[in-house]
Each structure stands twice: as structure tokens, then as C-alpha cells.
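Chains as they are written, first to last, in UniProt numbering: chain A, 1 to 368; chain B, 1 to 186. For glycine and all other residues, C-beta sits at the position ideal for the given N, C-alpha and C. To start, the structure under review is shown below, and the notes come after it.
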């Protein structure tokens, strides 16, 4: 697994953001391509890699500089560690803006915590140092619990870096009409809002997210986002509880939410609460794909894009495989022993690193 | 007349090696005065600026279909008071290995410079590293895989070779090292 936190020595009072630059393999005179004040340049490597910048020096341990060139780090000098906020070589970079959440989903992969530390100033600095054309994910917890800070962050970074794009996950419980001017001012095509809706039935949805009235508030928010011109990626994690209602949900989407950009039907990620409740939650889509297939057919026949996220390719019938992109992020992707000689592995996102050994799929393998 | 020793990498690379493939520590000998060093003689014209020409990989194609964004583990930071601009900026202080080096976050955030070159594992970079590995192997400094990956063995080898040849010891692939190994970034 690709490490997201690395060991760093630095002497400073507060956390700070730096961008690592190596310039290895390049020729003399090539090095100062408009270095940023937050850039630190690789000087030498012995037992640790030493970088020097305008602000001083830092030392990085345990990972070769060639793997972290261009990365943006948030260094925590007191702990002697740094989070790789932006990995330059990866399309999967996410800022976790808070660990607080107002919902408590039965399959939550990252159970919320009450504690919150505002790191937006660091996120802004990091976003401005990201590689050209990067897409940055925003997640939590629930990011819109801090919607003022979030919207300000978006206005600032999108104004200063017109090449950046954002993908923001939100439960859609906190927007109100007062946010409309600011939402409209954000460039529509540069942000995708990922919003979860689990079932057409309010009872089932509210039960899954652990919050009364969440469904009603969410549908209202979807209308708000539509009027704001936002791109919406509707996300439905497939579980035993909501799998039977998938076709009804598809019908609801075609009739009431035809303005969405994409509908993502997602397989369960075995971590957090989902790991604890795996047997009770996991729906084996390889054994029962009919409902999923019908739901896909229905929305696609109405011109709405629909996709399967986190479905190992071989668990999907061949005629639907083109709808299953490799969505599992590089740093948490793994393959099983069974995958060794697979012929369609290249296009497959594999499994989550922490997927249980007893994976629960009745049908596995490209031949099936 | 002084005898001058030349290390001709192409011959070494072609297999004209001493019986023992140990580190060849042929140091350049200099005439007093203005004679060029071996490294100056062998210096190549680098027509290609590696860092400036790496292809940008477009991330856009991935943007619309992502997996969960959660479970990154969170960060642990204490009261994150961002340091206000310091009035006077002290020159960076480098300290020898023992204590942690000092870093003072820059006071100003000037025009942000987007990273135009995609670094690290770009294909061209891997090729350069493989060439360096091959040359280092020819000189007897490296016995690992020719895989284009920089790892601890290569770092040690680079430092050793740089020390032996009177180059600045960095453990990194410096322009000087490329020239010494007669590798052109083109």
C-alpha cells in the first residue's frame, strides 16, 4: 500500500506546508523554474533525504525522493511526521477537511469523531501547489458542516488556480438558500458534488444514515444543487437493506432527478462499520445482478449516465463491464490470489486492500 | 611527462573491465594551470531538458468516477494557528544531522506556481535511472536490478562513486553525475 504519512524531521513551532522538488536527472541551469516560496529542493540523500528551501531544511525518512517528487506535504513538526496532501504522481488526492459528521451510516468507512481541527489554511496552500490540471477530492466527515470555510476555500483556490478541479463528497444536509449566490459563482464544470442517496423510501434511507428526516432534507438539497447548476454524482452504496429497492430508486431518479450527471452504484468497502457488520450488510452482486442490471438499463435508457464503482470486473456480467471503471484508489487497491492469471486485470480496480479473505462473491473470475 | 589516466565509460560498459569488478577509483589527474578535467572533456551537450519536457498526465479522465474518499485515516494536528507573516526573515540555517533541521514557513504566499513538470515515475525519468544503473554497474558500483527504480542501494552507490571521483557527494543524480557517466538527457 502506498504510504500517505511519512516520517519527517523539521524544527518548527507549527505545522506547515511544503512542496518537495528533486530535479534529479535534469541538467544544470534547469533547476530554478520559478520555485515557490514553499518549495524545498533535494540536496542530498544519505540515511535520510535532505531538502532545503527558503524557509530552511527538512529531512524525509523511509521513502526514496524519486517517489515523492512534487508531493505537497503537511508537516507536523511535533510528531515528526507529514501527511502527503497531494501526491504528484497520483490522480487520487483527497483533503479530509473534518472528521465530524451529522449522520451515522451503518456502513461508514470512516466513523466520525467529535474532534475538529480547522486546516483550511493548509489545504489552500496545498491546493495552490498541486500539479497542473489536478483534481482534488474533498471529503470527511461531512465537509459542509464547515460550509463557509469550504466555500471560501473553493472561491480562493479556483480563482488563483484556474486549472484545478474538485470532487466534493457531501451528505446534502446543510445548504440553504443563502448559499445560492456563492454556489452560482463557482464554475460549474470544475466541481462535481458526490451526494449519497440510498433508497427511494425515506424510512430505509434514514435508517441507513442513522438520521430521521435525512431523506427529505436531501431531496430538497438535490433541488437546490440543481438550481445552482451544480454537477451531481449521485452515489448509492449497495447493501442487503437497499438492494431490493434499487429499481424503484432508478425510477425515482429518472422521474425526479433527471438533472444529475452520474448515478454511481457502489460496492461496499470493508472498513469501519462495514467491516464490523460485513455479513449483515454485504450484498453479493455477483450472484444477484438482475436488480442492478435493471436499474442501470432504466436510467441509461433515459439518457442518464450510470456506473458501477468498486465492483471487481469479473463479478459483473460481460455486457455491463464497460460501466465498471477501476475506481478503487491506487493507495488502497489490492488483488486476490485468484487474480494472478486474470486476463482482464488491467481494466479492473481490484479490491480494497482491506477486503476480507472470505470475499463474499459467489462468482469470481473472468470466465464466469 | 605525467601519465594521465582516462576512464572511458563506453569501453567499460562494453565489458573491457578489470578482472575484478570492483570500484574503479581512477581519479582524474590535473595539469597545473588550466587543463580541463576529464569531466569537462566528456561533458556532453544536453539538448534535452528533462524536467521541462515530461509529459503531463491528464487526471481528468479519472475525475468523474471515484471510489470512496473516506478512510484516509485523518490527520492529527494540534491547535493549527497559522503563523502570521514574520517581520524579519532569517536566512535558512542548515544544521548538521543530529537535531531536526529548522524550517520557518514562508511569510508570503506569492504568485502560486503550478507544478508543470510531472516528476518521479514518469517514463523518461525511469529510463534515465536505468541508464545510470547500467553505467554504475559497469563501473562496479551497483549490482542490483536494472529496473529504473531509485532505492537505498543506488543511493549508497551514487554517494560512493561521487566521493571516489571528487564530485559533490549528494547521493542523487546530479547534472555533474550524468556528465561524469556520459549520459545525456536527450
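Classification of residue 136/B by the beta-carbon crowding that lies within 10 angstroms, buried from 16 upward: What you label residue 136/B is simply residue 136 of the second chain in a count that begins at 1. Buried.
Under 9 Å from the C-beta of residue 64/A: neighbouring residues of chain B: Sequence index remark: in the first chain, residue 64/A carries index 64 (1-based). Going along chain B in sequence order, the residues near residue 64/A (Cβ under 9 Å) are 149, 150, 151, 152, 154, 155.
Residue 331/A - DSSP class collapsed to helix/strand/coil: On the first chain, position 331 is the one that residue 331/A refers to. In this structure, residue 331/A counts as helix in the three-state DSSP scheme.
Residue 194/B at chain A interface by Cβ criterion, 8 Å: Only positions 1 to 186 of chain B appear in this structure, which leaves residue 194/B out of reach.
Proximity to residue 19/A [Cα-Cα], best of 13/A, 44/A, 27/A, 52/A: Start at 1 with the first residue of the first chain, and residue 19/A comes out as number 19. Closest by alpha carbon: 52/A.
Residues near residue 182/A by beta carbon distance below 8 Å, same chain, minus five either side: Your numbering for residue 182/A matches position 182 in the first chain. Taken in chain order, the residues that qualify are 151, 155.
Inter-residue CB distance, residue 253/A and residue 299/A (contact presumed, cutoff 8 Å): As a first step, residue 253/A must be located in the first chain, where it is residue number 253. As a first step, residue 299/A must be located in the first chain, where it is residue number 299. That pair is a contact at about 6 Å.
DSSP beta-bridge partners of residue 248/A: Working through the first chain from its first residue, we reach residue 248/A at position 248. DSSP output for residue 248/A lists no bridge partner at all.
Interface flag, residue 57/A vs chain B, CB-CB below 8 Å: Reading the first chain from its first residue, position 57 is the one you call residue 57/A. True, the Cβ-Cβ gap to chain B drops below 8 Å.
Counted within 10 angstroms of its Cβ, other Cβ atoms place residue 61/A as buried (16 or more) or exposed: The count along the first chain starts at 1 and reaches residue 61/A at position 61. Result: exposed.
Enclosing alpha helix (DSSP H) for residue 125/A [first to last residue]: Translated into positions along the first chain, residue 125/A becomes position 125. Its alpha helix (DSSP H) spans residues 120 to 128.
Residue 351/A vs residue 334/A beta-carbon contact at 8 Å: Numbered from 1 along the first chain, position 351 holds the residue referred to as residue 351/A. Numbered from 1 along the first chain, position 334 holds the residue referred to as residue 334/A. Taking 8 Å as the Cβ cut-off, residue 351/A and residue 334/A qualify as a contacting pair.
CB contact below 8 Å: residue 119/A versus chain B: The residue labelled residue 119/A in the question sits at position 119 within the first chain. So, interface residue.
heavy atom of the ligand MG below 7 Å from residue 126/B C-beta: Among the components of this structure there are no ligands whatsoever, and the ligand MG is therefore not found.
Residue-chain proximity (residue 172/B, chain A), Cβ-Cβ < 8 Å: Translated into the one-based positions of the second chain, residue 172/B becomes position 172. Yes - at least one Cβ of chain A is within 8 Å of the one on residue 172/B.
Chain-ordered chain A contacts of residue 125/B [CB-CB under 8 Å]: Counted from its first residue, the second chain places residue 125/B at position 125. Residues of chain A passing the Cβ test: 24, 25, 66.
Chain-ordered chain B contacts of residue 83/A [CB-CB under 7 Å]: Along the first chain, one-based indexing puts residue 83/A at 83. Neighbours of residue 83/A on chain B, chain order: 75.
Residue 241/A beta carbon less than 8 Å from that of residue 266/A: For the purposes of this step, residue 266/A is identified with residue 266 of the first chain, where counting begins at 1. For the purposes of this step, residue 241/A is identified with residue 241 of the first chain, where counting begins at 1. Between residue 266/A and residue 241/A, the CB-CB gap reaches or exceeds 8 Å.
Span of the beta strand (DSSP E), counted from its first residue to its last, around residue 59/A: In the first chain, counting from the first residue as 1, residue 59/A sits at position 59. Residue 59/A -> beta strand (DSSP E) spans 56 to 61.
C-alpha distance - residue 75/A paired with residue 328/A, whole-angstrom precision: Your numbering for residue 75/A matches position 75 in the first chain. Your numbering for residue 328/A matches position 328 in the first chain. Whole-angstrom Cα-Cα distance: 27 Å.
CB contact below 8 Å: residue 96/A versus chain B: Taking the first residue of the first chain as 1, we reach residue 96/A at position 96. Residue 96/A counts as touching chain B.
Assumed close pair residue 138/A, residue 169/A - CB separation to whole angstroms, cut-off 8 Å: Residue numbering aside, residue 138/A sits at position 138 when the first chain is read from its first letter. Residue numbering aside, residue 169/A sits at position 169 when the first chain is read from its first letter. Contact holds; Cβ gap of about 7 Å.
Exposure of residue 161/B, with buried meaning 16 or more beta-carbon neighbours within 10 Å: Position 161 of the second chain, counting from 1, holds the residue named residue 161/B. So residue 161/B counts as buried.
Alpha helix (DSSP H) segment containing residue 152/B, residue limits: If you number the second chain from 1, residue 152/B lands on position 152. First-last of the alpha helix (DSSP H) with residue 152/B: 152 to 164.
Closest residue to residue 306/A among 315/A, 257/A, 271/A, 345/A (Cα-Cα distance): As a first step, residue 306/A is located in the first chain; it is residue number 306 there, counting from the start. It is 257/A.
Test: residue 143/B CB closer than 8 Å to a CB of chain A: In the second chain, counting from the first residue as 1, residue 143/B sits at position 143. Residue 143/B does not count as touching chain A.
Chain-ordered neighbours of residue 259/A on chain B, where CB pairs are closer than 8 Å: As a working mapping, residue 259/A is identified with position 259 in the first chain. Within 8 Å Cβ-Cβ: nothing; residue 259/A doesn't reach chain B, min ~16 Å.
Proximity test, Cβ basis, 8 Å: residue 46/A and chain B: For this step, residue 46/A is matched to residue 46 along the first chain. Yes, residue 46/A lies at the interface with chain B (some Cβ there is under 8 Å from its Cβ).
Residue interval of the beta strand (DSSP E) (run including residue 125/B): Counted from its first residue, the second chain places residue 125/B at position 125. Element bounds for residue 125/B: not the beta strand (DSSP E) but the alpha helix (DSSP H), 123 to 138.
N- and C-terminal bounds of the alpha helix (DSSP H) containing residue 214/A: As a first step, residue 214/A is located in the first chain; it is residue number 214 there, counting from the start. Where residue 214/A is concerned, the enclosing alpha helix (DSSP H) stretches over 214 to 227.
Inter-residue Cα distance where the pair is residue 133/B and residue 294/A: Here residue 133/B refers to the residue found at position 133 when the second chain is read from its first residue. Here residue 294/A refers to the residue found at position 294 when the first chain is read from its first residue. Going by the C-alpha atoms only, they are around 55 Å apart.
CB-CB length for residue 128/A against residue 161/A, believed under 8 Å: Mapped onto the first chain, residue 128/A falls at position 128. Mapped onto the first chain, residue 161/A falls at position 161. The pair is a contact, with the Cβ atoms about 6 Å apart (cut-off 8 Å).
Contact belief for residue 166/A with residue 135/A at Cβ below 8 Å, rounded distance in angstroms: To locate residue 166/A, count along the first chain from 1; it is residue 166. To locate residue 135/A, count along the first chain from 1; it is residue 135. Contact holds; Cβ gap of about 7 Å.
Chain-ordered neighbours of residue 42/A on chain B, where CB pairs are closer than 7 Å: By 1-based counting over the first chain, the position of residue 42/A is 42. The answer, in chain order, is 172.
Presumed contact (8 Å Cβ cut-off) between residue 42/A and residue 172/B, rounded CB distance: Numbered from 1 along the first chain, position 42 holds the residue referred to as residue 42/A. Numbered from 1 along the second chain, position 172 holds the residue referred to as residue 172/B. With 8 Å as the limit, residue 42/A and residue 172/B qualify as a contact, their Cβ atoms being about 6 Å apart.
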